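Working notes, structure below.
Number of protein chains: 2
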Amino acid sequence: MRVLVLGGDGFCGWPTSLYLSDRGHDVTILDNLSRRNIDNELEVQSLTPIRPIGERLRTWREVSGREMRFVNLNLATEFDRLVRVIEELQPEAIVHFAEQRAAPYSMRSVNSKRYTVDNNVRATHNLLVAMVEAGGTPALAHLGTMGVYGYGWTGSAPIPEGYLTVKIETPDGEVAREILHPANPGSVYHMTKTLDQLMFAFYAKNDGLRITDLHQGIVWGTQTDQTVPDERLINRFDYDGDYGTVLNRFLMQAAIGHPLTVHGSGGQTRAFIHIRDTVRCIEIAITNPPQMGSQPMVLNQVTESHRLRDLAKMVSEMTGAEIANLPNPRREADENDLVVRNDQFLALGLNPTTLSQGLMDEVTQVAMRYKDRVDPSKIIARSVWRKGMETSEDLITEIPGTQK
Amino acid sequence: MRVLVLGGDGFCGWPTSLYLSDRGHDVTILDNLSRRNIDNELEVQSLTPIRPIGERLRTWREVSGREMRFVNLNLATEFDRLVRVIEELQPEAIVHFAEQRAAPYSMRSVNSKRYTVDNNVRATHNLLVAMVEAGGTPALAHLGTMGVYGYGWTGSAPIPEGYLTVKIETPDGEVAREILHPANPGSVYHMTKTLDQLMFAFYAKNDGLRITDLHQGIVWGTQTDQTVPDERLINRFDYDGDYGTVLNRFLMQAAIGHPLTVHGSGGQTRAFIHIRDTVRCIEIAITNPPQMGSQPMVLNQVTESHRLRDLAKMVSEMTGAEIANLPNPRREADENDLVVRNDQFLALGLNPTTLSQGLMDEVTQVAMRYKDRVDPSKIIARSVWRKGMETSEDLITEIPGTQK
Chain A
211 MRVLVLGGDG FCGWPTSLYL SDRGHDVTIL DNLSRRNIDN ELEVQSLTPI
261 RPIGERLRTW REVSGREMRF VNLNLATEFD RLVRVIEELQ PEAIVHFAEQ
311 RAAPYSMRSV NSKRYTVDNN VRATHNLLVA MVEAGGTPAL AHLGTMGVYG
361 YGWTGSAPIP EGYLTVKIET PDGEVAREIL HPANPGSVYH MTKTLDQLMF
411 AFYAKNDGLR ITDLHQGIVW GTQTDQTVPD ERLINRFDYD GDYGTVLNRF
461 LMQAAIGHPL TVHGSGGQTR AFIHIRDTVR CIEIAITNPP QMGSQPMVLN
511 QVTESHRLRD LAKMVSEMTG AEIANLPNPR READENDLVV RNDQFLALGL
561 NPTTLSQGLM DEVTQVAMRY KDRVDPSKII ARSVWRKGME TSEDLITEIP
611 GTQK
Chain B
211 MRVLVLGGDG FCGWPTSLYL SDRGHDVTIL DNLSRRNIDN ELEVQSLTPI
261 RPIGERLRTW REVSGREMRF VNLNLATEFD RLVRVIEELQ PEAIVHFAEQ
311 RAAPYSMRSV NSKRYTVDNN VRATHNLLVA MVEAGGTPAL AHLGTMGVYG
361 YGWTGSAPIP EGYLTVKIET PDGEVAREIL HPANPGSVYH MTKTLDQLMF
411 AFYAKNDGLR ITDLHQGIVW GTQTDQTVPD ERLINRFDYD GDYGTVLNRF
461 LMQAAIGHPL TVHGSGGQTR AFIHIRDTVR CIEIAITNPP QMGSQPMVLN
511 QVTESHRLRD LAKMVSEMTG AEIANLPNPR READENDLVV RNDQFLALGL
561 NPTTLSQGLM DEVTQVAMRY KDRVDPSKII ARSVWRKGME TSEDLITEIP
611 GTQK
């Protein structure tokens, strides 16, 4: 398939682009490198030494013999160029990773809140309008988030895939209706994904766009089969308090001798997926799109759920790392249960990569290899959900065993 | 109360500002005059000769002895100035009319779709962030639309005020939950109001903002007690296919000898409110705000529902005007029933101004007085919901009894 990957230089986008290219798809990456620019703003860098996009693409050609194209384009502002790209490329599938994706960053400041909404909403809406304008019937697969559902809203009921059947009292008796699961976002970032859902519903209904919304869990891991062969293909690894994802942070903290940073009691239960499954899910999604005229297809892109304190305990037992219970910078329930349906991906052939010591070791080894690159002052999460909320001091000021 | 009226130069904003000022509130209007600029773009003007905002304010001072301030500011782009305005003014209430408000315009072109989303979403989000940043606890009243609910979704059940109680099956038995009524917008414009709702829910929950969302029906009428005393205070009257509202269009068409333009069978039932009630509802809303920490309060700002063909028939019988059934440029159900709850406004003291021959005559007389200003080529609605949909030719090329 001809596939256009929006945000193809990012943490999920890059390994997905490589995977799709490796599987024989004709991949064009579109990205404005905003994630690298935010690293500059936050004065932090990927734990792994990611290479410029040009070097990444040249290396991939050397290693695989396959060509990927790259377009540097800002989706939120460069609408006319976007239409031309779609018209010229005539993609059969578009994968949309091109949104600011960190909840803490989205709550960090006035500017980051505004940037998250302005960028994400306009990027998604411009894309939808451009798809209508360019014609054709490409399948769109968008990265949503489990966070659109909120946590524990339906009591003991498992979280369904996007749609929920409810009963409503009417003067003519009770009627059943299928509704989009009520939105209960926990941050400005998550909120933008709930806005995306409503835009998808409208453009599917009005214009017949074929859209799949992938409500992904928290991604962990860093390497895939395609990023391993050459260090210049290495994937991004975020360890900082804004962009680092929780399990990767625990594993990296264990590797460098930092206590594991649990916020509050650690009673929060979250859904997870390994990056190797993310890339597989994307291919499954774009090869099984909804029919034209259907409502958006929603798939929960998760493989397992864990309580955060259980994950911390597991990593601690594996590595001997201490656990630190820190003030929670987020406004969220301290404890929740979580059961998530993921039947559709299982039915479409996903063979889940679940938590295993081997895969956790792999992450720890990556962290060990690059620990000289860690800035210990970036580890504590300090973006608070409301002004004045308490945060922790730095727990260490230098990395044991490095010379900085 | 110190009240900041965003969009206070528009069709609802101007008479609301006058009414609030007349009632003794201290009113500041904030507007970027975008509605006047869109008139320039569409090459049409208000049927009534509205005056520049400066002249409007000077006249109001002469007529009433009351002072209103004006700030020319683009909410979507001038965030820092917005924060300063709120900090300096310390409003007790903010009324938010400042969104692109025409469904047909929002579907007219690639640019108007993008403008509607970019402007409305950013305006609302900037406002919410600015309110958090500026501190204080002003009550925010926002103009939503009945169109967020869609039409006929709950079968015979009346449309509730914002929230709906539903029952959900869980492994532990059926549970009842109150949810935001599922969104089913019929245009990009209506879609933006469904996005607003989710932003309001988040900022009420996370930051304790006090928000009332007013789901207004279709406004008709043009004059209020405050716009009548001096022609220089006259309110806007839109008759064109994009901005004109249906009943005002029928009345104006009757006045100038144009057939009444019914789209499709006219079986669509819609909710209505007279402009005199709009202005009263706003004062009721800002003087009865929700508590801090509450979810947004939602009020249906409507007084009655009518099927469009019944309205056309009523106007035809009153005036002798012909009825023309034209192709519908919208994608919408050709027939729907509609019952809307508006208990909250009634309980808070609203005494509804319903359809009456006297009030319809008033509109017709306004239209008669200014019929020389009508461009007959602007009457037919031609903004189609999808490319290629059929629209009508002009039904008349000159206005009987005028010399143009």
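Chains A and B are the protein sequences, given in the same order.
Here the first sequence stands for residues 211 to 614, where the numbers follow our numbering.
Here the second sequence stands for residues 211 to 614, where the numbers follow our numbering.
Glycine included, every Cβ here is placed at the ideal spot set by N, Cα and C.
Please read all numbers here as calculations on a predicted model, not as lab measurements.
{"Query": "Under 7 Å between C-beta atoms of R442 of chain B and R271 of chain B", "Result": "no"}
{"Query": "Rounded separation between V358 of chain B and L560 of chain B - CA only", "Result": "23 Å"}
{"Query": "Which of helix, strand or coil DSSP assigns to Q300 of chain B", "Result": "coil"}
{"Query": "Three or more C-beta pairs below 8 Å linking the segment 365-384 of chain B and the segment 448-459 of chain B", "Result": "no"}
{"Query": "Terminal residues of the alpha helix (DSSP H) in which N282 of chain A lies", "Result": "Element bounds for N282 of chain A: not the alpha helix (DSSP H) but the beta strand (DSSP E), 279-282."}
{"Query": "Inter-stretch contact (C-beta, 8 Å, three-pair minimum) for the segment 571-588 of chain B and the segment 292-312 of chain B", "Result": "no"}
{"Query": "Residue-chain proximity (R420 of chain B, chain A), Cβ-Cβ < 7 Å", "Result": "no"}
{"Query": "Unbroken stretches of the alpha helix (DSSP H), 4 residues or longer, contained in the segment 334-391 of chain B", "Result": "none"}
{"Query": "First and last residue of the uninterrupted beta strand (DSSP E) at D423 of chain B", "Result": "420-426"}
{"Query": "Beta-carbon separation (whole angstroms), P381 of chain A vs A367 of chain B, contact threshold 8 Å", "Result": "7 Å"}
{"Query": "Environment of M502 of chain A [buried if 16+ CB atoms lie within 10 Å]", "Result": "exposed"}
{"Query": "Start and end residues, alpha helix (DSSP H) containing S515 of chain B", "Result": "First-last for S515 of chain B: 514-517, but that is the beta strand (DSSP E), not the alpha helix (DSSP H)."}
{"Query": "Proximity test, Cβ basis, 7 Å: R541 of chain B and chain E", "Result": "No chain E appears in this structure, whose protein chains are A and B."}
{"Query": "Simplified DSSP state of G477 of chain B, which is helix, strand or coil", "Result": "strand"}
{"Query": "Reduced DSSP category for L521 of chain A - H, G, I as helix; E, B as strand; rest coil", "Result": "helix"}
{"Query": "Cβ-based contacts, 7 Å cut-off: residues of the segment 544-568 of chain A near chain B", "Result": "none"}
{"Query": "When A:D219, A:I494, A:F460, A:L337 are compared against L518 of chain A, the one with the closest alpha-carbon", "Result": "A:F460"}
{"Query": "Residue from A:W363, A:G362, A:P370, A:E379 with nearest C-alpha to P370 of chain B", "Result": "A:E379"}
{"Query": "Helix, strand or coil at M507 of chain A according to DSSP, with G and I counted as helix", "Result": "strand"}
{"Query": "6 Å CB neighbourhood of A349 of chain B in its chain, flanking five on each side removed", "Result": "A303, R420, I496, P499"}
{"Query": "Chain B contact for R212 of chain A (CB, 7 Å cutoff)", "Result": "no"}
{"Query": "Beta-bridge pairing of F482 of chain A - partner residues as DSSP gives them", "Result": "A:I428, A:E514"}
{"Query": "Backbone CA spacing between F555 of chain A and T488 of chain A [nearest angstrom]", "Result": "11 Å"}
{"Query": "Contacts of E343 of chain B in chain A (Cβ-Cβ under 7 Å)", "Result": "V320"}
{"Query": "Cβ-based burial, K597 of chain A [other Cβ within 10 Å; buried from 16]", "Result": "exposed"}
{"Query": "Local Cβ density within 10 Å of E297 of chain A, reported as buried at 16 or more and exposed below that", "Result": "exposed"}
{"Query": "Beta carbon proximity, L353 of chain A to chain B, threshold 7 Å", "Result": "no"}
{"Query": "Reference I606 of chain A; option with closest CA among A:L299, A:I589, A:M528", "Result": "A:I589"}
{"Query": "Within-7 Å CB hit, P381 of chain B to chain A", "Result": "yes"}
{"Query": "Length at least 3, wholly inside the segment 515-602 of chain A: the beta strand (DSSP E) runs in chain order", "Result": "533-536"}
{"Query": "8 Å CB neighbourhood of K523 of chain A in its chain, flanking five on each side removed", "Result": "I533"}
{"Query": "Alpha-carbon spacing of Y325 of chain A relative to L565 of chain A, whole angstroms", "Result": "34 Å"}
{"Query": "Three-way DSSP call (helix, strand, coil) for H306 of chain B in this model", "Result": "strand"}
{"Query": "Buried versus exposed call for G431 of chain B [16 or more other C-beta atoms within 10 Å across all chains shown]", "Result": "buried"}
{"Query": "Whole-angstrom C-beta distance between N445 of chain A and W224 of chain A, which should lie under 8 Å", "Result": "6 Å"}
{"Query": "Test item: CB-CB of E309 of chain A and N284 of chain A under 7 Å", "Result": "no"}
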